[in-house]
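For reference, the structure is listed below as structure tokens.
Residue numbers (the numbering used here): 7 to 97.
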């Protein structure tokens, strides 16, 4: 759930948009190595607004990733489930 908060709700009003995000934990966590998933996501988001081929693509090549992954997207365009699946394959 996301609740957008207008700048007028603050004093002084900031020059940015704000939001309150409600996060609900999963009933059962994904079966993936947390450190590997953390590293993968850090690499993916290390150069925001760049295509993943510049960051994650090199990371996957260095690990001789046998599968395919669309690196013609930006990190924020990839669903969480895809990052989890990728980490599972890489472990």
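Glycine included, every Cβ here is placed at the ideal spot set by N, Cα and C.
Exposed unless 16 or more other CB atoms sit within 10 angstroms - verdict on residue i
| i | result |
| --- | --- |
| residue 74 | exposed |
| residue 33 | exposed |
| residue 39 | exposed |
| residue 87 | exposed |
Enclosing alpha helix (DSSP H) for residue i [first to last residue]
| i | result |
| --- | --- |
| residue 25 | Element bounds for residue 25: not the alpha helix (DSSP H) but the beta strand (DSSP E), 24-27. |
| residue 9 | Looking at the DSSP string, residue 9 is not in any alpha helix (DSSP H); the run it does join, the beta strand (DSSP E), is 8-11. |
| residue 79 | Element bounds for residue 79: n/a, residue is neither H nor E. |
| residue 93 | 86-96 |
| residue 46 | 40-50 |
| residue 67 | 62-68 |
Beta-carbon spacing of residue i, residue j below 8 Å
| i | j | result |
| --- | --- | --- |
| residue 78 | residue 46 | no |
| residue 49 | residue 25 | no |
| residue 62 | residue 93 | no |
Spatially closest choice to residue i from the options, by CA coordinates
| i | options | result |
| --- | --- | --- |
| residue 69 | 21, 95, 35, 17 | 95 |
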